[in-house]
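Chemist: Just passing along the structure, written as structure tokens.
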Amino acid sequence: MRLLKQDVINKLAEKTGLYKKDVRAVLDSFHELVYEELDADNSILITNLFKVEPITVDSRKRYSPYVDDNYYIEKEHKTVKITPASNLLDSLKKEEE
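Quick note, this note's numbering runs 144 ahead of the 1-based positions in the sequence shown.
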């Protein structure tokens, strides 16, 4: 099952007693905050849930049969690494047992 943004808003509004428009405003602000902090090379840690951090992938040689000499240089670039908290992983393992 996949929860979409509207599903999350509905469930959070139901659990907290807040209006849906207020929950939507909080989620939109969180969305903006994540983008701003990642642009500034800062990581975000939500305790007991996950950690979001920007990482830089170094340039390296890659094999390609479509390029002369069969190699090309992949440029250095940034990406995002999301690491789940250990207790989140533990809760999934408990469900499997």
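Virtual Cβ for every residue (Gly too), placed ideally from N, Cα, C.
Note that the structure is a prediction, hence the values are computed from the model and not measured.
What do you reckon, are the CB atoms on V201 and T223 nearer than 8 Å?
Modeler: The residue given as residue 201 occupies position 57 in the sequence shown. The residue given as residue 223 occupies position 79 in the sequence shown. It is a contact, given that the beta carbons lie within the stated cut-off.
Chemist: Between the C-alpha atoms of K195 and V178, what's the straight-line distance to the nearest angstrom?
Modeler: As a first step, residue 195 is located in the sequence shown; it is residue number 51 there, counting from the start. As a first step, residue 178 is located in the sequence shown; it is residue number 34 there, counting from the start. Approximately 11 Å between the Cα atoms of the pair.
Chemist: Compare the Cα-Cα distances from S203 to each of S187, S173, I188, E220 and report the closest residue.
Modeler: Translated into the one-based positions of the sequence shown, residue 203 becomes position 59. For S203, the nearest C-alpha among the options comes from E220.
Chemist: Does DSSP put R168 in a helix, in a strand, or in coil?
Modeler: Within the sequence shown, the letter at position 24 stands for residue 168. Helix.
Chemist: Could you tell me the boundaries of the alpha helix (DSSP H) in which L156 lies?
Modeler: For the purposes of this step, residue 156 is identified with residue 12 of the sequence shown, where counting begins at 1. First-last of the alpha helix (DSSP H) with L156: 149-160.
Chemist: Which residues share a DSSP beta bridge with K195?
Modeler: To locate residue 195, count along the sequence shown from 1; it is residue 51. Paired residues: L189, T227.
Chemist: Do you know offhand how far D151's Cα is from K237's?
Modeler: The residue labelled residue 151 in the question sits at position 7 within the sequence shown. The residue labelled residue 237 in the question sits at position 93 within the sequence shown. Their backbone Cα atoms lie some 25 Å apart in a straight line.
Chemist: Could you tell me the boundaries of the beta strand (DSSP E) in which K205 lies?
Modeler: The residue labelled residue 205 in the question sits at position 61 within the sequence shown. Its beta strand (DSSP E) spans residues 204-207.
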